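Heads up, this note's numbering is the position in the sequence shown plus 1186, with the first residue counted as 1.
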Amino acid sequence: MLAGCTGGGDTPSSPAAQPSQPSVSATPTATPTPTPAPVVSRPPVPEAPEPPAEMKGTDALAAIETAEYFVEALNHALASGETTTIESLAADECGPCTMLITDIDNLYETGAWQEGGQISVKDATVPDDYAELQQLPVQFYAEQSESASVTADGERRAGAAGRKYVLQVVVEQQQERWMVVDLRDAK
């Protein structure tokens, strides 16, 4: 005989309870606020030095004033990237002048700049026989501050250490004015 379910008996129970699902909260979790990178800005550009009236002559005083003005213009170029004044004072044959101008132009063209490196000079001297010389070496006691360059994105790169030395700025009469023809450490 076959037996089968015919439906009698107890009423069916309610469906089995389903396992509960983890609940999801609608409250967002705190997202950290990104810290903005520090803004690096170029320091203010100093004003360009004015040429002294005394440099217009042809005597030793005018030569000394031209040499001093060149150093002031070089300091301005180092701080600002503006090289037109030192270009106007440097003779074509001044190799060290050309190198300085090129280095300054290249640095500033990348958006970088220089900090420090300023040269202060005092006690200018010229040789006793300066009247007999075609080129006049003007010597100064010089002190140059420590320098560093700062890239366009703010990275500070070490430069030269500060130092004291004797700076010789050699000038020559060209085109009826004194021009810088050489720069050197006179040691």
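Virtual Cβ for every residue (Gly too), placed ideally from N, Cα, C.
Computed from a predicted model, the values in this text were never measured in an experiment.
Asked: Within-8 Å CB hit, Q1321 to chain D; Found: Annotation note: the requested chain D is absent from the structure, which comprises a single protein chain.
Asked: Close-in-space but distant-in-sequence residues of the same chain around A1334 (CB under 8 Å, 5 per side omitted); Found: Q1300, E1301, G1302, R1342, R1343, A1344, G1345
Asked: Proximal residues to Y1327 (C-beta, below 6 Å), its chain only, five neighbours per side dropped; Found: K1308, D1309
Asked: Identity of the residues DSSP links to Q1360 by a beta bridge; Found: R1363
Asked: Inter-residue Cα distance where the pair is Q1321 and Q1359; Found: 8 Å
Asked: Limits of the alpha helix (DSSP H) - the one that D1289 falls within; Found: 1281-1295
Asked: Neighbour-count burial assignment, A1265, 16 or more Cβ in a 10 Å radius; Found: buried
Asked: Cβ neighbours of A1259 in the same chain (closer than 7 Å, five flanking residues each side left out); Found: P1235, T1271, I1272, L1275
Asked: C1283 beta carbon less than 8 Å from that of L1369; Found: yes
Asked: CB contact flag (S1331, Q1361, <8 Å); Found: no
Asked: Residues that F1326 bridges to, as DSSP identifies them; Found: L1353
Asked: C-beta atoms of A1253 and V1324 nearer than 8 Å; Found: yes
Asked: Buried or exposed by the 16-neighbour rule on C-beta atoms within 10 Å, applied to V1356; Found: buried
Asked: From K1242, L1286, M1285, G1297, residue whose alpha carbon lies closest to that of P1229; Found: G1297
Asked: T1270, DSSP secondary structure in three states; Found: helix
Asked: Nearest neighbour of Y1316, chosen from T1244, E1233, P1232 [CA to CA]; Found: T1244
Asked: Top-ranked residue by Cα proximity to A1277, from D1371, A1372, R1363, K1373; Found: R1363
Asked: Euclidean distance between Cα positions of A1239 and I1250; Found: 12 Å
Asked: Top-ranked residue by Cα proximity to E1268, from D1314, L1286, P1313; Found: L1286
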